[in-house]
Structure formats: C-alpha cells, structure tokens
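Below: one structure, written as structure tokens.
In the numbering used here, the protein residues as written are 17 to 167.
This is how it looks when you write it as structure tokens:
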C-alpha cells in the first residue's frame, strides 16, 4: 500500500498504534441509514470507508474520550443524518490495515461547524481506490467480529 501520507494540519496528531493503551482503543463509527445494509441488518460494505464528502477522512470518535452511547447521542443531536447504531474498529486494526488514525479535535474549524467530542478520522487520503476498498473491508470485518457497540 502507498504510504505517502498527507501532512497533518495544526491541531492534528497521530493516535500512536505503538502505545499499549492507544493500541486497544476503539474508534466508534456512526452508522446512518445510507451506510446500513437493511437486508443483512448490518453495516454496509462502505460503512468504514470515506464518502465523497469526507475527502478521504471519515469521522470516528475515540473511546478514551467518549462512550459509544455519548458518541451516538451527540451525533443524533447535531449531525444531519441520524445514526442507527455504533460499531467500532481499534487503532491497532487501522495500523494493520496500512493507514493511521488521526485525532483532530483541536484542529481549526470552519465558521459555523461543530466537531464531535473525541473526534478523530481514519486517513484514506494516500490510498488508491482498490486500496481504499481493502482497508474499509478489513475494518468492517473487524467491527463485525466485535459486534455492535450501541444501542
């Protein structure tokens, strides 16, 4: 996989996968209807990958800062789409997939924008289309093995 990562901006830092605590940390992903496979009653194949609006950086919340329930409540009170459930992958699983988890909670925000408590993203910006599919499939499988976190 390509490893020419995009540079970080002020207020962003890599969640270190070598840190024992961070290694096991979960990254919560909200699953709204457009990321849900209704036939399987599970997150869809693209649930852990970026949408066009994400610009290669889909949103997650850090379990060291918020609970799955808190992330769900914040999302449903503030985001334009309603989350049906919360699923998760770990920082170690992200690193094993060939990318990195970035904490951006202290990065500057555009005027009028809100950021979820404990906000982070998984960096897909350096990956080719086929690599993105591999990473999102790996992370989805990890999340499915772990099962739903909330509600």
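Don't be surprised by glycine CBs; every beta carbon is placed ideally from N, CA and C.
- The Cβ-Cβ distance between residue 152 and residue 64 falls below 8 Å.
- In this structure, the beta-carbon distance from residue 87 to residue 132 falls below 8 Å.
- Assignment of residue 46 by DSSP, reduced to helix, strand and coil, places it in the strand class.
- In the DSSP assignment, residue 111 falls within the unbroken alpha helix (DSSP H) covering 107-112.
- Residue state for residue 165 is assigned as coil, using DSSP reduced to three classes.
- The stretch 88-104 makes no contact with the stretch 21-30, as fewer than three CB pairs between them are under 8 Å.
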